[in-house]
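Just below is one structure, and these are the notes that go with it.
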Amino acid sequence: MSDNKLTAQDTDFSAWYIEAIQKAELMDYAPVRGCIVFRPDGYELWERIQAGLDRRFKETGHRNAYFPMLIPSSFFEKEKEHVEGFNPELPWVTEAGGEQLEEKLALRPTSETMIGYMYSRWIQSYRDLPLLLNQWANVFRWEKRTLPFLRTSEFLWQEGHTAHADEAEAREETRRMLDIYAEFAESEMAMPVWTGQKTPSERFAGAVDTYSIEAMMKDGKALQAGTSHFLGQNFAKGFGIEFLDRDNVRKFVYTTSWGVSTRLIGALVMVHGDDKGIALPPRLAPTQVIMIPIGPPKSREKVMAKCTQVYGELKAAGIRVQRDEREATPGWKFNEWEMRGVPLRLEIGPRDVESNQCVLVRRDTGEKVTTSLDNLAVYTAHLLETIQNNMLQKALAFRAENSHLHLDTLEELVMHIARAEAGGTNAGWVLGGWCGSAECEMKVREETKFTTRNIPFAPPARKEKCLVCGEKSSQEVWLARAY
RNA sequence: CGGGGUAUAGCGCAGCUUGGCUAGCGCGCCUGCCUUGGGAGCAGGAGGCCGCAGGUUCGAAUCCUGCUGCCCCGACCA
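Each number in my numbering corresponds to the 1-based position in the first sequence with 10 added.
This is the structure:
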């Protein structure tokens, strides 16, 4: 790159984002519209996300399976809202082997239809229930406007699909998986989220109820980071998923689906990044410690020998450590690895070798400490945990600072946004009372571009009146600009 | 899909208004010397179908027409 400095976040957050993810080598643009390449560091983040979630899915009784990517067009006609929701963004295969296909095939945007079809063949009896499957897959959605990781034509995700004998059990499953997403986001990604219910207008196409986790990005915008849907009997009826119950009556099953995608990588960047580049939480970082040897050529041999020894000790302790022995100046390397988000830097120079010590520098705070090489692995492991924790605390503090709980009318909200824009700051999120009407929801959207994010299960404040109409409020809802 | 902008080396740009010599600059890249605790220095070097197609002209990166990609702004989305 011509200029090694990133655009500052305050100057232009979206320019910062695009530059940061490319300079950190998480992704690159592919030759197809809206498609990206996941480069090794980006893909490894996904692999670590996969590993963490997959373990949690298995612990709760789910198994993985894989269904075809091509879906017959007739499948989309079996659930009316589902078709209407997805039709505009489906890519189609219409020709193969040099001939027109009898029935065109869609590249899946999600697999409710394919899986519904298969479930109808597999489920006969209440003894076959619950059926708890998950699929790791790529999906396609031809979006008008794309943004790397957050919205691309093809993306990677996980979609869980379960079938249950009764409504209560299916609803419980829907909430259980949402809670797993929230716990994962906080403990592994150091990203706090609000769990809550989507309003009817933001519901998944074909769902009875949709729940989400919502996270605040550094520009104050909201990102839907995961969803869990209670599908009722909609797909069961569309695809004939029936079972014979204990009472010898044929009944439709209740289904759920839930998913998170590679969008989480974008979330990680937008939650923790700063003007130096991206910053990764230790639990997910492909490289947790980067070692940088320092010193003139004449001391090289001694320094390298010590590096090799320390490297071996850290590696043996299970720490993901890497050495940068390239012929570049230390300063250059410092900036490079900060840009790539490595949580901890370890410097060893001639002075350190003499006194059996090294210098550790934290990515999250910039803090430098000189420490003994004795018991270094234990010390480092603790420090990584401290960083993980601090990143979550910082994200929580940022979210609290930018959450506004004391705006009670649309006028106040409009003023609040105007003040933020005039001051060049972000307007953050606003917790509003809501009467539950679509009219009020639409009005906020039209006048402020804020949309309803979700109705939090545990709102941080109670609201007596609807922010828009002033009528008695039945619930609190997060309002924000969203990605 | 509507409105605006842009396309010249891997990246960022100048040159175009007023057509003309071998198309430049910075960063990066390669080789050598030297250097190393916050983006070092010197010397030498490689790298271009000036987005694509057509037109005007003795001559086009430069003027004209069409197309395509990308970026930004508005209606849809994990």
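For each residue, glycine too, the CB sits at the ideal point set by N, CA and C.
Fair warning: this is a prediction, and the values are worked out from it, not measured in the lab.
Scanning the stretch 76 to 113 from its first residue to its last, the whole alpha helix (DSSP H) runs of 4-plus residues come out as 90 to 96. About 5 Å separates the beta carbon of R151 from that of E99, a gap short enough to meet the 8 Å contact definition. The secondary-structure analysis by DSSP pairs C317 with nothing; it has no beta-bridge partner. Between the alpha carbons of M226 and F214 lies a distance of about 21 Å.
Nearest C-alpha to A178 among I125, Q168, Q243, Y191: Q243. According to the DSSP assignment, V47 belongs to no alpha helix (DSSP H) but to the beta strand (DSSP E) extending over 46 to 48. Contact annotation: Y129 and V263 have beta-carbon atoms nearer than 9 Å. The beta-carbon separation of K154 and Y493, rounded to 14 Å, does not stay under the 8 Å limit for a contact.
Residue state for M226 is assigned as strand, using DSSP reduced to three classes. Secondary structure remark: continuous beta strand (DSSP E) runs of at least 3 residues inside the stretch 380 to 442: none found.
Residue burial annotation: P292 is buried, with at least 16 other C-beta atoms found within 10 angstroms of its C-beta. Considered as a whole, the stretch 125 to 211 harbours 141 to 150, 164 to 174, 204 to 207 as its complete beta strand (DSSP E) runs of no fewer than 3 residues, in chain order.
Counted as a single uninterrupted DSSP element, the stretch harbouring Y493 is not any alpha helix (DSSP H), since DSSP gives it neither H nor E. Taking a contact to require three or more Cβ pairs closer than 8 Å, the stretch 439 to 456 and the stretch 468 to 477 qualify as touching.
Counting only runs of 3+ residues, the beta strand (DSSP E) found wholly inside the stretch 312 to 364 occupies 331 to 333, 354 to 358, in chain order. Here DSSP, grouped into helix, strand and coil, assigns C368 to strand. By the Cβ test, the stretch 198 to 209 is not in contact with the stretch 162 to 169, since fewer than three Cβ pairs between them sit closer than 8 Å. Taking the C-beta atoms as reference points, L55 is found no nearer than 9 Å to M79. The DSSP-derived three-state label of L254 is strand. Rounded to the nearest angstrom, the Cβ distance from R256 to Y136 is 6 Å, consistent with a contact under 8 Å. By alpha-carbon distance to N144, the top candidate from V259, N74, G351, K325 is N74. By the Cβ rule, the stretch 274 to 292 does not count as touching the stretch 331 to 340, because fewer than three pairs are nearer than 8 Å. Taken atom to atom, the span from the alpha-carbon of L423 to that of L417 is near 6 Å.
For H282, the enclosing alpha helix (DSSP H) stretches over residues 273 to 282.
Annotation: D138 to T419 spans about 52 Å, alpha carbon to alpha carbon. Contact annotation, I304 with R355: C-beta distance approximately 11 Å; criterion of less than 8 Å not satisfied.
Taking a cut-off of 8 Å on C-beta distances, the stretch 203 to 214 touches the stretch 456 to 470, as three or more cross pairs fall below it. Between A175 and F240, the C-beta gap is not smaller than 9 Å, which leaves the two residues out of contact. Residues P202, M226 of the same chain have their beta carbon placed closer than 7 Å to that of R409, with the five preceding and five following residues left out of the count. Pairing G216 with E91 gives a Cβ-Cβ distance under 9 Å. Per DSSP, the continuous alpha helix (DSSP H) segment holding A30 begins and ends at 23 to 33.
When the Cα atoms are used, I133 and F249 turn out to be separated by approximately 12 Å. Annotated three-state conformation of G305 is coil, per DSSP.
About 31 Å separates the CB atoms of M187 and W102; that is not less than 8 Å, and the two are not in contact. Look at N244 here: in three-state DSSP terms it is helix. One alpha carbon belongs to T120, the other to V149, and they sit about 6 Å apart.
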